[in-house]
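If you read the sequence shown in the numbering used here, its first letter stands for residue 9, the second for the next number, and so on. A short worksheet on the structure shown next.
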Amino acid sequence: MRTSGLRGHQLPLQLLLLPALGLMTGCLATRAQVVDLEDRLVKVEKAHAGYLVNADRETKRLQTLATQVEESNAQLRESLARSGAKLGDFETKVAKLRGELEVVIHRLDTVEKTGGGAAVLVSDVRRRLDQLIADLRDRAGIAILALPADLPVDADGFAKLADAKLAAGDVRTAAAVASECQKRFANTEAAGQCGIVQARIALQEQRYADATRILQAVHDSLAGKPVPVVGQALLEIAKILEIQGRCANAQKVLKYVLSDLPKVPAAKAARELLASSAARCKEGVGAAGKPAADASKPAEGAAPAEPEPAAPTGPAKPEATDKPEGPATSAPTGGSAKDRRGGKPSDVPHAEQ
9 MRTSGLRGHQ
19 LPLQLLLLPA
29 LGLMTGCLAT
39 RAQVVDLEDR
49 LVKVEKAHAG
59 YLVNADRETK
69 RLQTLATQVE
79 ESNAQLRESL
89 ARSGAKLGDF
99 ETKVAKLRGE
109 LEVVIHRLDT
119 VEKTGGGAAV
129 LVSDVRRRLD
139 QLIADLRDRA
149 GIAILALPAD
159 LPVDADGFAK
169 LADAKLAAGD
179 VRTAAAVASE
189 CQKRFANTEA
199 AGQCGIVQAR
209 IALQEQRYAD
219 ATRILQAVHD
229 SLAGKPVPVV
239 GQALLEIAKI
249 LEIQGRCANA
259 QKVLKYVLSD
269 LPKVPAAKAA
279 RELLASSAAR
289 CKEGVGAAGK
299 PAADASKPAE
309 GAAPAEPEPA
319 APTGPAKPEA
329 TDKPEGPATS
339 APTGGSAKDR
349 RGGKPSDVPH
359 AEQ
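Next comes the structure, spelled out in structure tokens:
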């Protein structure tokens, strides 16, 4: 009975051990979890340590950046203060300049109001002065020159300056420069160019005898050499003769250019003028369609004109030569030129009276 009783108590003990066994099994699972948790904790601690290091480094970098920003702000404040001072000075100067500009504008308005009348007066005085200079030259033989202060140093510069002054309408200065050019650089092509300027001035003033004499002197000073300025001088003489209605003499000059100076630039114009001369020029009739005035009778109130050179007979023809006789007209008066063929002097043709 006791044994059976004992056996009867063993069943509950087994039943009690079963939960304990289950608890033991549960403790083993929790231990694995704890180990895994410890591993994770170690990793987290390492990551946290790295984070702290990074945070410390970033904190120092931010502190350095803050210091730089503060320094930049201080510099910016100083620059702004200096710029403000400069701006104040600039505004003061602008105000001063504005006042000065207002004064200048007021003066300009005054000049504009009175300038019109002054310009008319100046123009009238200049016109009277030019007339007086022309009268002194024509009536009393007094030449009033007006040389500019900055004269060229070479002959070509003188010739260009005289031509430019004439083109600009400054006749007085052009005449002065041309006269000085001929004095300094006599018997040169540049002096011949200046002579042509003087002849054009005389032509503008209808002093045909003076213009012809000047152009003839250009020819003589260069001994009739086949250079451009000599051809130009002869061409100008032909034009003056046509203006005077002396067509036959003009044609002789043009033929002379074509025969003795065929290579100069003026030869082309001479050929064209000669071809149209018969239809354009009427003997004894001036350019205005009126009978040519007697050159020996000066205009009313004008000084007596100088007598023109005697009529030429043309250049002497060398013996045994087939060269045609030169025209009966040339620029120079009573001058002579060397015959380019034989080196002997021959009479240069002159414009017939």
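Heads up, the beta-carbon is just placed ideally off N, CA and C, and yes, glycines get one too. The structure displayed is predicted, hence computed values, not measured ones.
Alpha carbon of residue i to alpha carbon of residue j, nearest angstrom
i, j, result
"LEU109", "ARG180", "39 Å"
"LEU243", "ALA275", "8 Å"
"VAL237", "GLY200", "6 Å"
"ASP97", "ARG106", "14 Å"
"LEU211", "ALA217", "9 Å"
"ARG135", "GLU99", "51 Å"
"GLY177", "ALA157", "18 Å"
"ALA170", "LEU159", "10 Å"
"LEU129", "VAL185", "27 Å"
"ARG69", "LYS54", "23 Å"
"VAL52", "ALA89", "54 Å"
"ASP44", "HIS56", "18 Å"
"PRO270", "ALA256", "20 Å"
"ASP132", "LYS168", "29 Å"
"ALA183", "VAL161", "18 Å"
"ALA172", "LEU95", "52 Å"
"LEU49", "VAL42", "10 Å"
"VAL111", "LYS121", "16 Å"
"ARG65", "LYS101", "53 Å"
"SER91", "PHE166", "58 Å"
"ALA126", "GLY292", "47 Å"
"ARG85", "ALA93", "12 Å"
"THR75", "ARG115", "60 Å"
"ASN81", "THR72", "14 Å"
"CYS202", "ALA278", "21 Å"
"CYS289", "LYS263", "15 Å"
"ALA63", "GLU79", "24 Å"
"SER187", "VAL119", "38 Å"
"THR67", "SER87", "30 Å"
Three-state secondary structure (DSSP) of residue i
i, result
"VAL272", "coil"
"SER42", "A quick correction: the sequence has Val, not Ser, at residue 42. The answer is helix: DSSP assigns VAL42 an H, G or I state."
"VAL161", "coil"
"VAL235", "coil"
Burial state of residue i (16 or more Cβ within 10 Å)
i, result
"TYR59", "exposed"
"ILE113", "exposed"
"GLN83", "exposed"
"GLN214", "exposed"
"LYS8", "The shown model of the chain, from 9 to 361, leaves out residue 8, and the question about it has no answer."
"ALA163", "buried"
"LEU249", "buried"
"ASP117", "exposed"
"ASP228", "buried"
"LEU281", "buried"
"ASP47", "exposed"
"ALA287", "exposed"
"ALA241", "buried"
"LYS247", "buried"
"ARG254", "buried"
"THR38", "exposed"
"THR196", "buried"
Whole-Å CB distance - residue i paired with residue j, under 8 Å assumed
i, j, result
"ILE251", "THR220", "Between THR220 and ILE251 the Cβ distance is about 11 Å, and since that is not below 8 Å, they are no contact."
"VAL226", "ILE204", "7 Å"
"ALA207", "LEU223", "5 Å"
"CYS189", "ALA198", "7 Å"
"GLY239", "VAL265", "6 Å"
"PRO234", "VAL261", "Actually they are not in contact, since the Cβ atoms of PRO234 and VAL261 sit about 15 Å apart, beyond 8 Å."
"SER284", "GLN259", "Their Cβ separation, rounded to whole angstroms, is 11 Å, which puts SER284 and GLN259 out of contact at 8 Å."
Any C-beta of chain D under 8 Å from that of residue i
i, result
"GLU188", "This model lacks chain D altogether, as it is built from one protein chain only."
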